[in-house]
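Numbering (my numbering), first residue to last: 1 to 165.
Given below as structure tokens:
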């Protein structure tokens with residue numbers, strides 16, 4: 001999310017997209033799950049969109065330090081946590097409406113395979129809308145062996161997730 005392949009960065013673009021989405025959810029329960037190598041509930045379900053937006057406004061990349069836990073992208077794990085989180089609010093009413101909006105570059109390289117998780121999501125009848133952030137092949141630096149490190153975006157995976165749900 002620190003990559004600046006889009007101006008000013010993926011992180012800022014994601015925050016702006018969240019503002020637009022959450023700003024239109026007044027009266028609906030919404031939650032934010034952040035993820036890299038490990039997903040976690042950053043903002044629990046709430047109908048208070050102002051509180052959610054305030055949390056989003058105070059969020060910065062320093063909240064997600066580059067530790068071993070915050071390396072990689074675990075899209076499948078994030079989707080599973082999203083379903084689990086939604087199940088808690090649904091309670092005994094499986095028809096309680098819910099959606100997942102996945103904002104990512106689609107480069108899943110850690111945790112559960114997102115395609116394998118789709119069966120459970122289909123069973124729960126939860127649509128997943130995806131929003132791809134970033135560009136492919138933008139040079140962001142070099143690794144320890146002086147090999148180029150480039151950004152990527154997996155549009156095919158994001159389209160498949162949305163299509164199957």
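The beta carbon of each residue, even a glycine, is placed where N, CA and C say it ideally should be. Quick caveat: nothing in here was measured; it's all calculated off a predicted structure.
Using the C-alpha atoms, what's the distance from residue j back to residue i?
i           : j           : result
residue 152 : residue 128 : 21 angstroms
residue 17  : residue 95  : 27 angstroms
residue 20  : residue 165 : 23 angstroms
residue 143 : residue 56  : 31 angstroms
residue 109 : residue 80  : 15 angstroms
residue 40  : residue 92  : 24 angstroms
residue 123 : residue 84  : 13 angstroms
residue 27  : residue 38  : 29 angstroms
residue 99  : residue 158 : 15 angstroms
residue 119 : residue 76  : 12 angstroms
residue 47  : residue 141 : 41 angstroms
residue 86  : residue 102 : 14 angstroms
residue 5   : residue 160 : 24 angstroms
residue 121 : residue 43  : 21 angstroms
residue 131 : residue 125 : 19 angstroms
residue 13  : residue 53  : 15 angstroms
residue 163 : residue 156 : 10 angstroms
residue 15  : residue 62  : 14 angstroms
residue 74  : residue 117 : 12 angstroms
On the CB-based measure, 16 or more other CB atoms within 10 Å of its CB, does residue i come out buried or exposed?
i           : result
residue 104 : buried
residue 60  : exposed
residue 146 : exposed
residue 89  : exposed
residue 8   : exposed
residue 51  : exposed
residue 149 : exposed
residue 97  : exposed
residue 33  : buried
residue 58  : exposed
residue 71  : exposed
To the nearest whole angstrom, what separates the beta carbons of residue i and residue j, a pair I think is in contact under 8 angstroms?
i          : j           : result
residue 49 : residue 82  : So it is not a contact: roughly 18 angstroms between Cβ atoms.
residue 35 : residue 3   : Residue 35 to residue 3, Cβ: 16 angstroms. No contact.
residue 45 : residue 31  : 5 angstroms
residue 29 : residue 106 : Going by Cβ atoms, the distance from residue 29 to residue 106 rounds to 26 angstroms, so no, they are not a contact pair.
With a cut-off of 8 angstroms, do at least 3 Cβ pairs link the stretch 111-122 to the stretch 130-139?
Output reads no: the stretch 130-139 does not touch the stretch 111-122.
Report the start-end ranges of each beta strand (DSSP E) in the stretch 82-126 that is 3 residues or longer and not cut off at the edges.
You should have 100-104.
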